[in-house]
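Enquirer:
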Amino acid sequence: MPPVVEAFHASELESRLNTLPSGKARKPPIQELKKDCELKELLQYNCEPEGEKGKQRVVCRPVLRLLRQCANGLTVETTAWENRYDGTLEKAKESTRAE
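Residues in the sequence shown are numbered consecutively from 0, following numbering that gives the first Met the number 0.
In structure tokens:
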């Protein structure tokens, strides 16, 4: 089973990146998340039954997640963090709709 990962607010992301779950410092440290780590998109689907009982159908809606993948192997979800700064999430949603 994977280790438990602590959840934290998006505003803490940059300060928490360079601290490992053990409390030790990440080596080498990540200086700038946007510059040092490539932006990746992950499209998932949330499916729920809709309609009257007996006539229900499953409706799936896309859920876009943004991640940053760094050269040292670190991958972190940045969906909430990205949109705070420059609208990256909105830009990614637009590109997904265009496809």
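Backbone N, C-alpha and C fix where the C-beta goes; we use that ideal spot for every residue, glycine too.
Computed from a prediction, not measured in an experiment: that's the story for all the values here.
A24 by DSSP, collapsed to three states: which one?
Expert: Locating residue 24 in the sequence shown gives position 25, where the first residue counts as 1. Looking at A24 - three-state DSSP - the assignment turns out to be strand.
Enquirer: With 16 as the cutoff for other CB atoms within 10 Å, does R60 come out buried or exposed?
Expert: As a working mapping, residue 60 is identified with position 61 in the sequence shown. When all chains shown are included, R60 counts as exposed.
Enquirer: When DSSP labels each residue in this structure, what does N45 get in the three-state scheme?
Expert: Walking along the sequence shown from the start, residue 45 turns up at place 46. It is a strand residue.
Enquirer: For Q68, which residues does DSSP report across the bridge?
Expert: Residue numbering aside, residue 68 sits at position 69 when the sequence shown is read from its first letter. Q68 pairs with E37, T74.
Enquirer: Nearest to R67 by alpha carbon, out of L41, V57, K52?
Expert: Numbered from its first residue, the sequence shown carries residue 67 at position 68. Per the Cα distances, L41.
Enquirer: What residue from M0, L32, V3 has the CA that sits closest to E11's CA?
Expert: The residue given as residue 11 occupies position 12 in the sequence shown. Selected option, being the one with the closest Cα: L32.
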